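For the sequence shown, this note's numbering gives the first residue as 14, with consecutive numbering after it. A quick write-up on the structure given underneath.
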Amino acid sequence: ALLIHTVENLEEAVEQLRPAFLVVLDPDIATTRTVEVHRALHPARDFRVYFLTYAKSAEEQRFLSEVRRETEAATALINAKAMMVIPDNQDGKSGDIITLDVDAPVPKTTSHRKQGGGGPAALR
């Protein structure tokens, strides 16, 4: 059976119909991500996806530009994460996050500098 469907509510349509093939005309990033999420949630299903577009068309260039921008944004996030300072008691991968208690009393600071010899022992 052949069913033609718009990209609105694509996730629901794919979930209900469970097609073996999906042909996407005029692909965009949102549709691509929806299909990727569906495939990740249902790895056992044999589900093939085909993207159709005219070669060297404005639509193809728009889609490729979107993919390039998304790739550059992901790379920038990865690079930013690599440069982040991570506290010693965290591995940077887990969900353990140090939370600051704004209402906690501020600890008294103690000076650890040596007093330069100006005390009574220096007079002897």
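Don't be surprised by glycine CBs; every beta carbon is placed ideally from N, CA and C. These figures come from a predicted structure and were not determined experimentally.
In this chain, the alpha helix (DSSP H) harbouring residue 77 covers 71-96. With contacts defined as CB atoms closer than 8 Å, residue 16 and residue 47 fail to qualify as a contacting pair. For residue 35, DSSP records a beta bridge to 62. By the C-beta density criterion, residue 35 is buried, having at least 16 other C-beta atoms within 10 angstroms. At the C-beta level, residue 40 and residue 60 stay beyond 8 Å of one another. Annotated three-state conformation of residue 19 is coil, per DSSP. The residue from 49, 42, 89 with its alpha-carbon nearest to that of residue 28 is 49.
When secondary structure is reduced to three states using DSSP, residue 51 falls in the helix class.
Counting other Cβ atoms within 10 Å of its Cβ, residue 84 stays below 16 and is therefore classed as exposed. By the beta-carbon neighbour count (other beta carbons within 10 angstroms, threshold 16), residue 88 is exposed. For residue 31 against residue 52, the beta-carbon gap comes to about 12 Å, at or over 8 Å, which does not count as contact.
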